[in-house]
Amino acid sequence: MRLVAPLLAGVVLLVAGGGARAAYDEETFTHKSIPAYAIPTPARGAPPVDTVIGQVRPYRIRKGDTLIDLARYYDLGYNEIADANPGIDPWVPPVGATILLPTAWVLPCCTYDGIV
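Each number in this note's numbering comes from the position in the sequence shown (counting from 1) with 184 added on.
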């Protein structure tokens, strides 16, 4: 009987936690596309007019999402996504809440050759 109680508790936890499917899995991360950004380049030698690439985007939380998975999917760090969404639980964000994905970056002002 002493072994049955912990085993039964483990089965109950496994069944209770198994109802929510994770929004992202390793297959999703493996096959996601990599965004490409166009950098407007002015005449040779002149500094670029705009050094911001990407844009901040809203995202509506779905069941099973975590800020950690979203950060990984959108190539963000934990601190970036957590700082952009204060007060949101990173492990269990409220379903239906709209968060911000800080997917805009400021490039240093210079001329760009090749991959940036």
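Glycine is no exception: its CB is placed at the ideal position from the N, C-alpha and C atoms.
Quiz item: What is the residue span of the alpha helix (DSSP H) that Leu254 lies within?
Solution: 251-257
Quiz item: Going by the beta-carbon positions, is the gap between Leu251 and Pro274 smaller than 8 Å?
Solution: yes
Quiz item: Nearest-angstrom Cα distance between Val276 and Asp253?
Solution: Val276 and Asp253 have their C-alpha atoms roughly 11 Å apart.
Quiz prompt | Cβ-based burial, Thr282 [other Cβ within 10 Å; buried from 16] | solution = Exposed.
Quiz item: Any idea what DSSP makes of Tyr243, helix, strand or coil?
Solution: Residue state, collapsed to three classes: strand.
Quiz item: Shortest alpha-carbon distance to Arg246 belongs to which of Gly280, Pro270, Ala288, Thr287?
Solution: Nearest to Arg246 by C-alpha distance, out of Gly280, Pro270, Ala288, Thr287, is Gly280.
Quiz item: Which residues in the same chain as Thr140 place their Cβ atom closer than 8 Å to its Cβ, once the five residues preceding and following it in sequence are excluded?
Solution: This structure cannot speak to residue 140, because the chain is shown only from 185 to 300.
Self-check item: Exposure of Thr287, with buried meaning 16 or more beta-carbon neighbours within 10 Å
Solution: buried
Quiz item: What did DSSP end up calling Ala266 once you bin it into helix, strand or coil?
Solution: Ala266 falls in the helix class under three-state DSSP.
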